[in-house]
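Single-structure report; data block below.
Protein chains: 2
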Amino acid sequence: MSDRKWVYGFGNGAADGAATMKNLLGGKGANLAEMSSLGLPVPPGFTLTTEVCSAYYEQGKAWPDGLRAQADAALKTLEVQAGKKFGDAKSPLLVSVRSGGRASMPGMMDTVLNLGLNSQTVEGLAEMSGDRRFAFDSYRRFIQMYSDVVLGLDHDLFEELLDEHKDIQGYEADTDMLAEDWEKIAGQYLALVEEELEVPFPSTASEQLWGAIRAVFDSWMNERAKVYRMLHEIPADWGTAVNVQAMVFGNMGQRSATGVAFTRNPSTGEKAWYGEFLINAQGEDVVAGIRTPHALTKAAREEMGDKQISMEEALPVVFDELTQVFAKLETHYSDMQDIEFTVEQDRLWMLQTRAGKRTAGAALKIAVDMVGEGLISEQDAILRIEATSLDQLLHPRLADGHTNVILTKGLPASPGAATGQAVFTAEEAVLRAGQGQDVILVRVETSPEDIHGMHAAKGIVTARGGMTSHAAVVARGMGRPCVSGAGSLQINAREQKFEVAGRTVSEGDIITIDGGKGHVLLGAAPMVQPELTGEFAILMEWADGQRRMKVRTNAETPEDVQTARDFGAEGIGLCRTEHMFFEESRIAAVREMILAEDKAGRITALDRILPMQRGDFVEIFQIMGDLPCTIRLLDPPLHEFLPHTAEDVAAVAEATGIAVDALMKRAASLAESNPMLGHRGCRLGISYPEIYQMQARAIFEAQAEVKRETGVLAQVEIMIPLAATAKELQILKSWIELEAKKVTDELGDAPTYQYGAMIELPRAALCADKLAGPASFFSFGTNDLTQTTLGLSRDDASSFLGEYVHQGVFEKDPFVSIDEHGVGQLIDIAVQRGRAARPDIKLGICGEHGGDPASIDFCEKLGLDYISCSPFRVPIARLAAAQAAIRNANSKT
Amino acid sequence: MSDRKWVYGFGNGAADGAATMKNLLGGKGANLAEMSSLGLPVPPGFTLTTEVCSAYYEQGKAWPDGLRAQADAALKTLEVQAGKKFGDAKSPLLVSVRSGGRASMPGMMDTVLNLGLNSQTVEGLAEMSGDRRFAFDSYRRFIQMYSDVVLGLDHDLFEELLDEHKDIQGYEADTDMLAEDWEKIAGQYLALVEEELEVPFPSTASEQLWGAIRAVFDSWMNERAKVYRMLHEIPADWGTAVNVQAMVFGNMGQRSATGVAFTRNPSTGEKAWYGEFLINAQGEDVVAGIRTPHALTKAAREEMGDKQISMEEALPVVFDELTQVFAKLETHYSDMQDIEFTVEQDRLWMLQTRAGKRTAGAALKIAVDMVGEGLISEQDAILRIEATSLDQLLHPRLADGHTNVILTKGLPASPGAATGQAVFTAEEAVLRAGQGQDVILVRVETSPEDIHGMHAAKGIVTARGGMTSHAAVVARGMGRPCVSGAGSLQINAREQKFEVAGRTVSEGDIITIDGGKGHVLLGAAPMVQPELTGEFAILMEWADGQRRMKVRTNAETPEDVQTARDFGAEGIGLCRTEHMFFEESRIAAVREMILAEDKAGRITALDRILPMQRGDFVEIFQIMGDLPCTIRLLDPPLHEFLPHTAEDVAAVAEATGIAVDALMKRAASLAESNPMLGHRGCRLGISYPEIYQMQARAIFEAQAEVKRETGVLAQVEIMIPLAATAKELQILKSWIELEAKKVTDELGDAPTYQYGAMIELPRAALCADKLAGPASFFSFGTNDLTQTTLGLSRDDASSFLGEYVHQGVFEKDPFVSIDEHGVGQLIDIAVQRGRAARPDIKLGICGEHGGDPASIDFCEKLGLDYISCSPFRVPIARLAAAQAAIRNANSKT
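So, in structure tokens, the structure goes:
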């Protein structure tokens, strides 16, 4: 252990690490090292690796052997590089201590700035900077920040002292404060800490440093970081690195500044620098949205109608240097970069670079553009797009020419449009969304505490903050439309309303936001479906060229089938015939069938259902043409079709003329303790052959009708649900063949169909070799296979599944991504045994996992023939299948 | 196909087949061949193999190629051996056509006798026999039987004609009928058939023969045969053979007779011939119980106080010959034989021999005796006893000195005693038993249609029939006590009562039967537990010497634990701690725990449960001493402990002081769609660590207390239910270790325990290598593993599982015998992976399959360390484990 390298230094054109070492150094540390090696101006520093974090937690929050010595050595090197000394009264070195994980977790973890200040070193800083006010302002900021982050004192306590002082002095703003005011405040702050904690504020730089490092590592396990990781599927054992870096000051007067920039527009993908800066400010001031920042370029300023001077105009020499850095970084990384920089008295310092977060639309445009620019290959472009992000493009946008009142105009922080009830707290958003209502979360500004509310909302509006504010970054990541910095909104969160332009919008009132334009509108507005053209179409074409697996859809209504076809579905993987039974016009006949006392009675009722069911299939076959259609015969237990409440029973009795107590009795006799494991699926088919025979007949007759009318032969695949044994498949197959024979005799033409099984029970997977006798295809029903393999009811698991993922029992929700170790093993077994018994067996997946990129990747590894998902996930599946094919091919070479 | 040998001949001291060919020739055919080869007097004949049956069904009930030719050739040979010709008017050969499967299915399938008679051959028979009355009696019997069995005419039609004729003639009994009466009746029967079916009765012998063969094969699939196979777990694809054999006549006057015999007493096992016979009768007369038969030996006659002459006295020469045959057969087969014979005019013919069915007690005595006689080895003796039959010996018998009124005395047809409500139809027996009531089925005589009622009843009484009547044979097979031939009972089934000795017993009145003595008693009588000594003890000792697997029990009450220990349990395999929670005195505290609003409230309630739970374990540890005790922590979902009906809720609210609506609300919030797959097992332990910690503490404190008091250290195994992942086991292990550490600190002595997992989910089995990290033992919970692997709720499956077994989807009820192909595969995987990861892992089974011999055999093959079952099945498991060990060793050599 003690031989391990825990600490990696960087600075002055060299570094121990590199961009490739993200897992060890975190994203920030790796990129600081990379930038340093590239010769860019990076304040020197060193990184404590993510392995330190893991070791720290494994050993019950103790420092691993060797860490202190390596850090001390790194600090010595840093002092040489910076030309200052840590804790030195004359020439004090100040440092920042920041987290930096493998994945970006903006705002989730703690940071301490200006570390190294005490009553001696503050004097040295005043001397060095020649600005005593700056030095004591920095000191009081440090005390407050350190006390909050490391010592756990509420920052309000400090604000109160400051307000009191300003009142006494009659000051209106912080800018009124003089050097001696800040000095006095710093003294009061120190006294406050000692009074609250009964120990003095740590005065040595070394004590401060290790306190801050510990606090940052501890923040890896704070509640909001855990929630963020859960939402973003980041494993807890990745850990964070900690970066200790020499401070540079953007708040050292009018020749100092701080800013953030993207090398291309993260909202549209346009190839133009896009950023914001503030003169005489620290980086946090830009990100936190406390002051609204200004444009980087003159062109941007003019476009926005901003009167404040741009960086290009204010600091032309440094701006010039910055443009060269931008070009160098984008070429070096072959990707759009998100950059943080500081100008300290005309000197440029690079604080961070990383791949920039972007909207799905921007990601598509950037990827396609970069292929055109020769920066990346088509395969790279495909791999660049997070497949699920396409979801953002598949949902409605605001229709042109709507007549809604525009309440206000803010920044177009995240594209797309949404309509919903205005709510003013994250809690209310979660509550109403849980009740099935659409909500728009309206906040002055958002903080990490609001994340669950943002997730629950359809869209977000903030009164403060820029395009890189917390709200904007998080909303883009989530694919929620967002309008930020809508400063004219007068939000009164306590009274749950806002006022704007003489109008009042209260909680529950409907508003619409257009995240593409930054508009907030009154009432619900008309939406239009997105056109999937341009870069989207280009990239999907590339993806289709790379993809091996076919993509089908799970759909049964003509509307859904048509949507899926428009999205590029290459067949139906799961047509759930029971959904057709629930329709208002047929449920009566279905209930009559269930309530019939004998087979003859059932057949009479089924005869009434037959033409309706046949009509369903005719419509579907007409849309799908000669693409394959997998039709699953009736699956749910019969009691699902009966009324449940006394009211419903009475209504049904009234409507059908069946006596109330007959209804109740039948419902009671059909009730089950565990319907999921009950009398359903092919068990119904075996108990009541006439039901499956009616369904088979409807399919065959529809096939004949469509062929007669259009000349196209529907590619029918009849699928049996919940089979556990080959015998079930054999019995049902013979009945369906009998029906096919009858239809042949009647129509003079034999139905063409394949016969297969839905594999959704562990036994079916284990006995796949046997089932492949009667079945010529398998479709993995991973929803039920997950329920049975894990013994976990999807309906009941919500009470503890979150906690289970949180505690790391499951890496991810197994109903979202296939549990590869358990469920995946069974699928693997079934694939191997099924193929061994029948080499040309067709294999697909039709559980909801069929639209999940991680699961699609797994399906590619297993060599399935197709995936099937809900209509709106078809484009995602097409892209994910292409990515999986590329990755799988790469991993083999 | 056409090369296959379909027909095997036998007779005149030779045979194509042998006793070893049972699967092909059926039991009857194989033993006829064997007896023939042994030189015993067997009427010649031939056997159509079980493969004919299979081919017949496979080809849609068509005869396989080559069969007709082979049968014709066999018939020619038979004619030569018998010295008669089939269909010949002078010297006609008559044959019987009988079924004969691999397993005996008494009375389940069809038989035709006297086949070959027509208006010509009957005259030849009259001539040959010199008895015209006999010839025409045989003829009319043949017409009636053939019409019933082959042509499907109700035999009542024929009875009516006969009754009419007797009325006209003023006859009282069949014995009044003269030759010409029978001749006239035969003519009327032929006319009846032609009138009913509009075709004449088949007149050629050949047409009759193939009609009868077809009818016997068809009867393999009749409803009562299917039910019998289901009850006796006989696969449908075994098929039956058909035996065509020359007729011999026990009804050819006073020097003719027919009888059945056991070479030892099938009820007690005593080494003494045991049989019955009738002079001038056909075999069916004895078995059907129409005439009550007489004793074989003089000694038996005297013991029974029977005044009718015994066979030993009536036919001494033939009897002497018969005794030599008995001795030869028993020595040859090394087993007690069940024999059918006929004497035709002083000539002995052997019609059947087979291993005799016997009571469990008799089986034990015969096996132990035969080891003593040097006929078989100890291993043979162990294998001879059907393990489940021990169940008969483990249940109560009537106490000596009871004072109940003895209503009547019949034959002691099947031992054991039972008390229950008198019922008079099989349907009523099934109905009341289904409602949880004990019933005694009272019938004049039983028939195959009554089987389901006999199965449902605790005991059976018949007014007619002997020790080998249908009722007696079936009851012994089922282990039900039975009194047969209780002739003084005046049964009025229509009015659902019987009268005897001036008393009336109506449906629902309580009676008791003593099958060991043949008594029927009024009211309920005191029972005593059986003493498991004598042959039982000897055989169990032999079994224990052969057994490899340990046998444990599933028990948690001190009574059950003690019973299991007395039955030889070597530990507890499953102590279900939740059963302890349901006790009247604690359920209040348990509910308080569930209704608590926070952890503190739960802990308060758990503190009240702790001493009671500790007391449970103290009692168990005291009984089990240093034998291992596997204790499963809380398993069921919490809502199981809450009241369900409005009444119960009100009562609980009253008793606990908790508001009704608080109770209802909590119950509603805990309700689950599929509780089997819900928030239960270790999921509770993870959500509420305090529950498992309390249980662990109770175990540890009990261990310390018992050690302090008795000096014996309980061998504790803490078992976690429903684990799906290693992580769950790790989390819970750390909490239990924490509790152990606390107890160590408090008591100064560390608890000793093993920690393991119940494997009851497919995922757990598949990931057994991972689970074997934290777990040092696995116990297979095959009940839930069956439910999840097959996706089959045990509570809900009853509506279709019978049909499933019936249609051959499952060979056997998978909740009774392990589904080897599915569930068994998972267990096999878990055993292999668990052992690979932890070579010394302890492996057992604690599902109800642990008491099922077929499943025990499977466990032996997998090399499990122990099986665990309910207390009353412990002896069965001990024996079955020994049998499995012997068979497994034999199959390897």
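Each protein sequence line maps, in turn, to chains W and D.
Quick note on numbering: this note's numbering labels position 547 of the first sequence as 548, and the sequence is numbered without any gaps.
Quick note on numbering: this note's numbering labels position 92 of the second sequence as 93, and the sequence is numbered without any gaps.
All C-beta atoms, glycine included, are put in the ideal place defined by N, C-alpha and C.
Check whether residue i and residue j have beta carbons under 7 Å apart
| i | j | result |
| --- | --- | --- |
| residue 151 of chain D | residue 240 of chain D | no |
| residue 775 of chain W | residue 734 of chain W | yes |
| residue 722 of chain D | residue 682 of chain D | yes |
| residue 516 of chain W | residue 486 of chain W | no |
| residue 657 of chain D | residue 589 of chain D | yes |
| residue 806 of chain W | residue 231 of chain W | yes |
| residue 522 of chain D | residue 534 of chain D | no |
| residue 414 of chain D | residue 398 of chain D | no |
| residue 281 of chain D | residue 255 of chain D | yes |
| residue 824 of chain D | residue 786 of chain D | yes |
Residue i to residue j span [Cα, whole Å]
| i | j | result |
| --- | --- | --- |
| residue 674 of chain W | residue 797 of chain D | 7 Å |
| residue 276 of chain W | residue 574 of chain W | 46 Å |
| residue 2 of chain D | residue 238 of chain D | Caution applies to residue 2 of chain D, whose pLDDT of 46 falls short of 50 and renders its modelled position unreliable; the value that the coordinates give is listed next. Approximately 18 Å, taken between the alpha carbons. |
| residue 879 of chain W | residue 856 of chain D | 48 Å |
| residue 313 of chain D | residue 264 of chain D | 15 Å |
| residue 34 of chain W | residue 10 of chain W | 8 Å |
| residue 554 of chain W | residue 788 of chain W | 22 Å |
| residue 51 of chain W | residue 394 of chain W | 36 Å |
| residue 463 of chain W | residue 337 of chain W | 26 Å |
| residue 117 of chain D | residue 696 of chain W | 52 Å |
| residue 751 of chain D | residue 283 of chain W | 58 Å |
| residue 287 of chain W | residue 448 of chain W | 14 Å |
Cβ-Cβ separation, residue j to residue i (assumed contact under 8 Å), whole Å
| i | j | result |
| --- | --- | --- |
| residue 914 of chain D | residue 650 of chain D | Nothing about residue 914 of chain D can be reported from this structure: the residues present for chain D run from 2 to 894 only. |
| residue 125 of chain D | residue 89 of chain D | 7 Å |
| residue 20 of chain W | residue 37 of chain W | Contact flag wrong, Cβ pair sits at about 11 Å. |
Review point. Going along the chain, which residues of the region 722-739 of chain W sit with their C-beta nearer than 9 Å to a C-beta in chain D?
Key: From the region 722-739 of chain W, only 723, 725, 726, 728, 729 and 732 have a Cβ closer than 9 Å to chain D.
Review point. Enumerated in chain order, which unbroken segments of the alpha helix (DSSP H) with a length of 4 residues or greater are wholly contained in the region 307-361 of chain W?
Key: Taken in chain order, the unbroken stretches of alpha helix (DSSP H) that lie wholly in the region 307-361 of chain W and span 4 residues or more are 312-315 and 317-334.
Exercise for review: Residues of the region 32-62 of chain D with a CB closer than 7 Å to any CB of chain W: list them in chain order, please.
Suggested key: Result list empty, no residue passes.
Practice item. Please name the residues in the region 818-841 of chain D whose beta-carbon is closer than 8 Å to at least one beta-carbon of chain W, in chain order. Key: Cβ contacts with chain W: 820, 822, 823, 824, 826 and 827.
Exercise for review: Report the residue ranges of all beta strand (DSSP E) runs contained in full by the region 231-316 of chain W; include only those spanning at least 3 residues, in chain order.
Suggested key: Counting only runs of 3+ residues, the beta strand (DSSP E) found wholly inside the region 231-316 of chain W occupies 241-247, 258-263 and 275-280, in chain order.
Exercise for review: Quick one: which residues of the region 649-681 of chain D get their C-beta closer than 8 Å to a C-beta of chain W? List them in chain order.
Suggested key: Against chain W - using a Cβ distance shorter than 8 Å - the residues of the region 649-681 of chain D are 673, 674, 675, 676, 677, 678, 679 and 680.
Practice item. List in chain order: all unbroken alpha helix (DSSP H) runs of 4+ residues lying wholly within the region 737-817 of chain W. Key: Here the runs fully enclosed are 763-767, 769-772, 783-791 and 799-807.
Practice item. Can you give me, in chain order, the residues of the region 800-811 of chain D that have a beta carbon less than 8 Å from any beta carbon in chain W? Key: From the region 800-811 of chain D, only 800, 801, 804, 805, 808, 809, 810 and 811 have a Cβ closer than 8 Å to chain W.
Practice item. Kindly provide the ranges of any beta strand (DSSP E) runs that are 3 or more residues long and lie completely inside the region 419-494 of chain W, ordered along the chain. Key: Runs of the beta strand (DSSP E) inside the region 419-494 of chain W: 440-444, 460-463, 483-485 and 491-493.
Check your understanding: Where are the beta strand (DSSP E) runs, 3 residues long or more, that stay fully inside the region 516-596 of chain W, in chain order?
Key -> Inside the region 516-596 of chain W, DSSP marks whole beta strand (DSSP E) runs of 3 or more residues at positions 520-523, 551-555 and 573-577, from first to last along the chain.
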